[in-house]
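Engineer: I'd like to ask you about the structure that follows.
There are 2 protein chains.
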Amino acid sequence: MCLKGRSTGMINTSTGLELDYLFHPGSIALAGASRDPAKRGNELIRGLLEAGYKGKIYPINPGAAEINGLPAYPSVSAVPGPVDYVISIVPVQAAKALAEECAAKGVKAIQFYTAGFSESGDPAMKKLEEEIVAIARGAGMRVIGPNCVGIYCPESGMVFHLGASREPGPVGFISQSGGNSEDLVWAAPTRGVYFSKAISFGNASDLNETDFLEYLVHDPATRVITGYLEGFKGGRRFVEQLGKAQGKKPVIILKGGRTEAGTRAVASHTGSLAGAARVWDALCHQYGVIQVCSLDELLDMAVAFQYMKTPKGRRVAIIGSGGGASVQAADDCETYGCPVPRLPEEARAELRTFTSEVGRFFSNPLDSPTRGWAPEQFERAIRIVLGQPEMDFLIVFIGMDITLFHHEGKKIRDRTSEALIQAAGRVSKPIVVVLKSGGTLEGCQAVLEQQAKLVEAGLPVYPSLPRAVSAASRLIQWHERAASQRAGG
Amino acid sequence: MCLKGRSTGMINTSTGLELDYLFHPGSIALAGASRDPAKRGNELIRGLLEAGYKGKIYPINPGAAEINGLPAYPSVSAVPGPVDYVISIVPVQAAKALAEECAAKGVKAIQFYTAGFSESGDPAMKKLEEEIVAIARGAGMRVIGPNCVGIYCPESGMVFHLGASREPGPVGFISQSGGNSEDLVWAAPTRGVYFSKAISFGNASDLNETDFLEYLVHDPATRVITGYLEGFKGGRRFVEQLGKAQGKKPVIILKGGRTEAGTRAVASHTGSLAGAARVWDALCHQYGVIQVCSLDELLDMAVAFQYMKTPKGRRVAIIGSGGGASVQAADDCETYGCPVPRLPEEARAELRTFTSEVGRFFSNPLDSPTRGWAPEQFERAIRIVLGQPEMDFLIVFIGMDITLFHHEGKKIRDRTSEALIQAAGRVSKPIVVVLKSGGTLEGCQAVLEQQAKLVEAGLPVYPSLPRAVSAASRLIQWHERAASQRAGG
Numbered sequence: 001m002c003l004k005g006r007s008t009g010m011i012n013t014s015t016g017l018e019l020d021y022l023f024h025p026g027s028i029a030l031a032g033a034s035r036d037p038a039k040r041g042n043e044l045i046r047g048l049l050e051a052g053y054k055g056k057i058y059p060i061n062p063g064a065a066e067i068n069g070l071p072a073y074p075s076v077s078a079v080p081g082p083v084d085y086v087i088s089i090v091p092v093q094a095a096k097a098l099a100e101e102c103a104a105k106g107v108k109a110i111q112f113y114t115a116g117f118s119e120s121g122d123p124a125m126k127k128l129e130e131e132i133v134a135i136a137r138g139a140g141m142r143v144i145g146p147n148c149v150g151i152y153c154p155e156s157g158m159v160f161h162l163g164a165s166r167e168p169g170p171v172g173f174i175s176q177s178g179g180n181s182e183d184l185v186w187a188a189p190t191r192g193v194y195f196s197k198a199i200s201f202g203n204a205s206d207l208n209e210t211d212f213l214e215y216l217v218h219d220p221a222t223r224v225i226t227g228y229l230e231g232f233k234g235g236r237r238f239v240e241q242l243g244k245a246q247g248k249k250p251v252i253i254l255k256g257g258r259t260e261a262g263t264r265a266v267a268s269h270t271g272s273l274a275g276a277a278r279v280w281d282a283l284c285h286q287y288g289v290i291q292v293c294s295l296d297e298l299l300d301m302a303v304a305f306q307y308m309k310t311p312k313g314r315r316v317a318i319i320g321s322g323g324g325a326s327v328q329a330a331d332d333c334e335t336y337g338c339p340v341p342r343l344p345e346e347a348r349a350e351l352r353t354f355t356s357e358v359g360r361f362f363s364n365p366l367d368s369p370t371r372g373w374a375p376e377q378f379e380r381a382i383r384i385v386l387g388q389p390e391m392d393f394l395i396v397f398i399g400m401d402i403t404l405f406h407h408e409g410k411k412i413r414d415r416t417s418e419a420l421i422q423a424a425g426r427v428s429k430p431i432v433v434v435l436k437s438g439g440t441l442e443g444c445q446a447v448l449e450q451q452a453k454l455v456e457a458g459l460p461v462y463p464s465l466p467r468a469v470s471a472a473s474r475l476i477q478w479h480e481r482a483a484s485q486r487a488g489g
Numbered sequence: 490m491c492l493k494g495r496s497t498g499m500i501n502t503s504t505g506l507e508l509d510y511l512f513h514p515g516s517i518a519l520a521g522a523s524r525d526p527a528k529r530g531n532e533l534i535r536g537l538l539e540a541g542y543k544g545k546i547y548p549i550n551p552g553a554a555e556i557n558g559l560p561a562y563p564s565v566s567a568v569p570g571p572v573d574y575v576i577s578i579v580p581v582q583a584a585k586a587l588a589e590e591c592a593a594k595g596v597k598a599i600q601f602y603t604a605g606f607s608e609s610g611d612p613a614m615k616k617l618e619e620e621i622v623a624i625a626r627g628a629g630m631r632v633i634g635p636n637c638v639g640i641y642c643p644e645s646g647m648v649f650h651l652g653a654s655r656e657p658g659p660v661g662f663i664s665q666s667g668g669n670s671e672d673l674v675w676a677a678p679t680r681g682v683y684f685s686k687a688i689s690f691g692n693a694s695d696l697n698e699t700d701f702l703e704y705l706v707h708d709p710a711t712r713v714i715t716g717y718l719e720g721f722k723g724g725r726r727f728v729e730q731l732g733k734a735q736g737k738k739p740v741i742i743l744k745g746g747r748t749e750a751g752t753r754a755v756a757s758h759t760g761s762l763a764g765a766a767r768v769w770d771a772l773c774h775q776y777g778v779i780q781v782c783s784l785d786e787l788l789d790m791a792v793a794f795q796y797m798k799t800p801k802g803r804r805v806a807i808i809g810s811g812g813g814a815s816v817q818a819a820d821d822c823e824t825y826g827c828p829v830p831r832l833p834e835e836a837r838a839e840l841r842t843f844t845s846e847v848g849r850f851f852s853n854p855l856d857s858p859t860r861g862w863a864p865e866q867f868e869r870a871i872r873i874v875l876g877q878p879e880m881d882f883l884i885v886f887i888g889m890d891i892t893l894f895h896h897e898g899k900k901i902r903d904r905t906s907e908a909l910i911q912a913a914g915r916v917s918k919p920i921v922v923v924l925k926s927g928g929t930l931e932g933c934q935a936v937l938e939q940q941a942k943l944v945e946a947g948l949p950v951y952p953s954l955p956r957a958v959s960a961a962s963r964l965i966q967w968h969e970r971a972a973s974q975r976a977g978g
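Same order as they appear, the protein sequences are chains S and A.
Note that my numbering has the first sequence beginning at 1, numbered continuously upward.
Note that my numbering has the second sequence beginning at 490, numbered continuously upward.
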């Protein structure tokens, strides 16, 4: 309660970036460091080293002189220099003593992996969580968590798991779930999505969703805000931040606890009150928050905002392989609110001058040749189709599986990607790519190989047409709304 | 028109299996065989050889003495013995002469890959298609297509692409799209779905959706009927077949041409009239046809009907890894109409006797230990959870990605699968498995490896929780309907 009051009182004088120091600590101590490579307390040290964290790393372990090549210390207070940031994986029973020690040491922030606090439902543990926050507040120290994985900031080399990308990007993520944070950070680079910061804050005992939302709204490195949220502690201030983001930075939220069972699970997970789904829906509607139903959909929207040029309208041209798939593509596009206009006869006549496959040309969708396009023909076809004033953007879908047994399959795939990249550089309208595979290992490999090239060239890539057109449609909706707000004042 | 009349006239005396001979020809000639390994006319020969087709294969090519090790013939009439079945990939201009030659030779059926007939919109080509059908009818020969890939029947070794599984199964597929047929047959085995027959019939100039539906309704090898359909030539007879299947064999249909653009694409694709979506919806509602929106969803339903025991009700228990993912799982299940009841306190107490991880137990969903279950504990937990009368079935979801960087990750994944398989053998209620990965290559590999084992053991596996619970929910709905029909008479 007090904290909420304090935070609210800060609004008017705030730059919104007061928490920036959390993402650039000069030193990190890991309380609960372990020599056992199977333990999180060892992985995290390796993670920081692998990610190129430039500050000092202090493994804290009373029984070890050295962990992963770094000198270890028996306690935080035994560390010779200052400690800016502490990651705690000590058991819950040891958490209060650690907080006291960190407060005395002048630590600026402590993040608790440690779980078993208020979310356990045990009043004693709830009280312990409150005591720790009180200790921290008394010393000007902030608390992230407990029951969370903390901060990923590739720019500074802060990570919460091994194998995290070192490349920073424009997407910010705030999350009440550590698992969701790990899964997203791990998967996103295959789609070309990179992060400014990802923050898992668990029980939100001190720093909460609103604090981090405010930071991301103001953070110049963050262009797209995404999040997995269960409860809302910030109240009115949270709504104010949504207002600030509106029309400037897209806010994409996966809300946990929309149903009765989900709400019950939320209480057990982070001790949050999930709140009524209807209230949340109304808030999203009012502030243009993009609601998603899964992490996949969240990632789809991040891909759209990171890579898709903004179409001038919703009318879509489709080029793809396979008659049935083309029919399906047309159905999917119109189902998701993107009309598929007929390609004018002159354009079709022009297409016929350089490709003569019988029975393959639709008036839109336009069916690709069975064995793929010759690059110059593909590029020419794209330019003709997108040259029509009827077309606002293009979806190209490519089936990987049919190329797998062709003895020149890889060549067909490579030259298709090259032609796409070339064409994309020469047209101003957006191109969205769908790489389809039925899910065999060869299919996955082929998709990932081509996806990496296309994403590198700045093209948005999706695994299915419904996911592509749904993302495009919602991107367009967001921009339409932003434009109408600008027009309306 | 005549054909329709003839077919309709056959109903009363029909066993429904009159077309069985199409799937077991004693000899196949490939008109348009090629020595070039890049050409379809070469791939198809290799496909038949690879699939172990036991009859005679006759490559037809006027300029080749031998193709893929088989003696080639200049024409169908030059083949020394009888020819039961002809696959044509000759150009459209040569199709009529081929039909005449086949009629004279006594061929029983001809399948035309060849496209460019009625679907081209050219009246002359429409007429040509009709002439070919007339020639065939005059000789008692049936036509499949044109503009299709024909028959896949693993039992007899008939295939339409390389790499098709040789394992037969209970799923029949009828399709107006060759590409959809190839994609489905190629992808399905990774999900454990195998086919009795898959038939691509394109323009349906002679044999149409109704003929093949009737066959599958009566075929004892087919327990689940799936299809991709664009138009309906069989009219009333089609509806009669749906009536026969109702409550006995599930019919799962992806309908192409539901929107204006989709309908236009259908006309270009197979020359079909897509018909009003509302009429189709009403028909599906009346006959309990399961409508799907994509091939993925079609496959999901086939997995459900092939592998899922029928739950007694909709109440679902959930065991999974990750707090946020558990919240999401609960939300997804209730959103798809499967309530997630609270686990009774006695069951939770029993679970606490052998697993003590703090803060991890929810009342349902039940959260898995971070590093996976010990097999005997997992099996015990499953038996406790499914032992509750409140629970009708169980969904287990497993995140692959968090195990990827654990140095014992593979061991964790393997023992989880083993425990699941063991538990599934000892409980009577259905278990559905979700193997999640964010889509990295390592993640795909891990999923495919475990999926293969689980499917081999007869467990239904899905790539996401919404897809799993949606399929389970529709399976339950189908059985509820069938039961109420049996009860109602």
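Quick reminder that beta carbons are idealized off the backbone N, C-alpha and C, glycines included.
Any idea which residues DSSP pairs R631 (chain A) with across the strands?
Structural biologist: Answer is A:A598.
Engineer: By the DSSP assignment, the alpha helix (DSSP H) with V581 (chain A) in it spans what residues?
Structural biologist: Careful: V581 (chain A) lies outside any alpha helix (DSSP H) and carries neither H nor E.
Engineer: If contacts are defined as beta-carbon pairs under 8 Å, then A261 (chain S) and V829 (chain A) qualify, I think. What distance do you get, rounded to the angstrom?
Structural biologist: At roughly 3 Å, the Cβ-Cβ gap stays under 8 Å, so A261 (chain S) and V829 (chain A) are in contact.
Engineer: Counting C-beta neighbours from all protein chains within 10 Å, is the total for G202 (chain S) 16 or more, i.e. buried, or is it exposed?
Structural biologist: By the neighbour-count rule (16 or more Cβ atoms within 10 Å), G202 (chain S) is buried.
Engineer: Just checking my contact of S156 (chain S) with H24 (chain S) at CB under 8 Å: how many whole Å lie between their CB atoms?
Structural biologist: Sure, about 5 Å apart at Cβ, within 8 Å.
Engineer: Give me the subset of the stretch 54 to 83 of chain S whose CB atoms are less than 7 Å from a CB atom of chain A, sorted by chain position.
Structural biologist: Here the close residues number zero.
Engineer: Any C-beta of chain C within less than 7 Å: which residues of the stretch 919 to 935 of chain A qualify?
Structural biologist: Among the protein chains in the structure shown, which are S and A, there is no chain C.
Engineer: Which two residues bound the contiguous beta strand (DSSP E) that contains S27 (chain S)?
Structural biologist: Counting along the chain, the beta strand (DSSP E) containing S27 (chain S) begins and ends at 27 to 31.
Engineer: On the premise that I87 (chain S) lies in contact with L49 (chain S), defined as a C-beta separation below 8 Å, what is that separation, rounded to the nearest angstrom?
Structural biologist: L49 (chain S) to I87 (chain S), Cβ: 14 Å. No contact.
Engineer: Under a Cβ-count criterion, where at least 16 other Cβ atoms within 10 Å of its own Cβ denotes burial, should K54 (chain S) be classed as buried or exposed?
Structural biologist: Per the 10 Å Cβ criterion, exposed.
Engineer: Just to check, is the beta-carbon of R481 (chain S) closer than 7 Å to a non-hydrogen atom of the ligand FAD?
Structural biologist: Within the structure as shown, the ligand FAD is missing, as the structure has no ligands at all.
Engineer: Below 6 Å CB to CB, which residues in the same chain sit around G802 (chain A) once its five sequence neighbours on both sides are set aside?
Structural biologist: Taken in chain order, the residues that qualify are D881.
Engineer: Determine the chain A residues that contact P37 (chain S) at a beta-carbon separation under 9 Å, and present them in chain order.
Structural biologist: Near P37 (chain S) (Cβ distances below 9 Å), the residues of chain A are H896.
Engineer: Rounded to whole angstroms, what is the Cα-Cα separation between R348 (chain S) and Q730 (chain A)?
Structural biologist: C-alpha separation (whole angstroms): 41 Å.
Engineer: Of all the options A:Y704, A:T844, A:L718, which has the alpha carbon lying nearest to the alpha carbon of A734 (chain A)?
Structural biologist: Of the listed residues, the one whose Cα sits closest to A734 (chain A) is A:Y704.
Engineer: Note down, in chain order, every chain A residue with its Cβ under 7 Å from the Cβ of D401 (chain S).
Structural biologist: Chain A residues near D401 (chain S): D672, W675, A676.
Engineer: For the candidate residues S:S484, S:E350, S:A483, S:A329, whose alpha-carbon lies nearest to that of S464 (chain S)?
Structural biologist: Ranking S:S484, S:E350, S:A483, S:A329 by Cα distance to S464 (chain S) puts S:A329 first.
Engineer: If you pair each beta-carbon of the stretch 684 to 703 of chain A with each one of the stretch 765 to 782 of chain A, do three or more pairs fall below 8 Å?
Structural biologist: Not touching, per the Cβ criterion.
Engineer: Taking the alpha-carbon of E490 (chain S) as reference, which of S:G163, S:C148, S:A94 has the nearest alpha-carbon?
Structural biologist: Nothing about residue 490 (chain S) can be read from this structure; chain S reaches only from 1 to 489.
Engineer: Which residues in chain S have a C-beta closer than 8 Å to the C-beta of F851 (chain A)? List them in chain order.
Structural biologist: By Cβ distance, chain S contributes R264, A265, S268, H269.
Engineer: Under 7 Å Cβ-Cβ, which residues of chain A neighbour A304 (chain S)?
Structural biologist: Ordered by position in chain A, no residue passes the 7 Å Cβ test against A304 (chain S), which lies about 17 Å from the chain.
Engineer: Return helix, strand or coil for F23 (chain S), following the three-state DSSP convention.
Structural biologist: Of the three classes helix, strand and coil, the one that applies to F23 (chain S) here is helix, per DSSP.
Engineer: To which residues does DSSP link A198 (chain S) through a beta bridge?
Structural biologist: A198 (chain S) is bridged to S:Y152, S:F173.
Engineer: For A325 (chain S), which residues in chain A fall below 8 Å Cβ to Cβ?
Structural biologist: In chain order: S666, G668, N669, D672.
Engineer: Leaving out the 5 sequence neighbours to the left and right, which residues in its chain are closer than 6 Å to L506 (chain A) when beta-carbon positions are compared?
Structural biologist: Counting only Cβ-Cβ distances below 6 Å, and skipping sequence neighbours, we find H707.
Engineer: Check this for me: beta carbons of I135 (chain S) and T114 (chain S), under 8 Å apart or not?
Structural biologist: No; because the gap between Cβ atoms is not below 8 Å, this pair is not in contact.
Engineer: Check the Cβ-Cβ distances between C333 (chain S) and every residue of chain A, and say whether any is below 8 Å.
Structural biologist: Yes - at least one Cβ of chain A is within 8 Å of the one on C333 (chain S).
Engineer: Out of curiosity, what's the CA-to-CA distance linking K410 (chain S) and A187 (chain S)?
Structural biologist: Whole-angstrom Cα-Cα distance: 25 Å.
Engineer: Rounded to a whole number of angstroms, what is the C-alpha to C-alpha distance between I253 (chain S) and V289 (chain S)?
Structural biologist: Each residue's Cα considered, the two are about 7 Å apart.
Engineer: Just the Cα atoms here: how many angstroms apart are I110 (chain S) and G145 (chain S)?
Structural biologist: One C-alpha to the other measures close to 9 Å.
Engineer: Based on Cα-Cα distance, which residue from S:T190, S:C293, S:F195 lies nearest to L229 (chain S)?
Structural biologist: Nearest C-alpha to L229 (chain S): S:C293.
Engineer: Would a C-beta distance cut-off of 8 Å place P864 (chain A) and A908 (chain A) closer than the cut-off?
Structural biologist: In this structure, A908 (chain A) lies closer than 8 Å to P864 (chain A) by Cβ.
Engineer: Could you tell me which whole alpha helix (DSSP H) segments of length 4 or greater appear in the stretch 762 to 834 of chain A?
Structural biologist: Fully enclosed alpha helix (DSSP H) runs of 4 or longer: 766 to 776, 784 to 796, 812 to 824.
Engineer: Short of 8 Å in beta carbon distance, which residues of its chain neighbour V847 (chain A), apart from the five on each side in sequence? Order them along the chain.
Structural biologist: Any reading at V847 (chain A) needs caution, since the residue's pLDDT is 46, under 50, leaving its predicted position unreliable; the model's value is listed next. Counting only Cβ-Cβ distances below 8 Å, and skipping sequence neighbours, we find nothing.
Engineer: Compute the distance between the beta-carbons of G231 (chain S) and T270 (chain S), then report whether it is under 8 Å.
Structural biologist: Their beta carbons are under 8 Å apart, which means G231 (chain S) touches T270 (chain S) by this criterion.
Engineer: When the Cα atoms are used, what is the spatial distance from H896 (chain A) to P37 (chain S)?
Structural biologist: Rounded to whole angstroms, H896 (chain A) to P37 (chain S) spans 8 Å at the Cα level.
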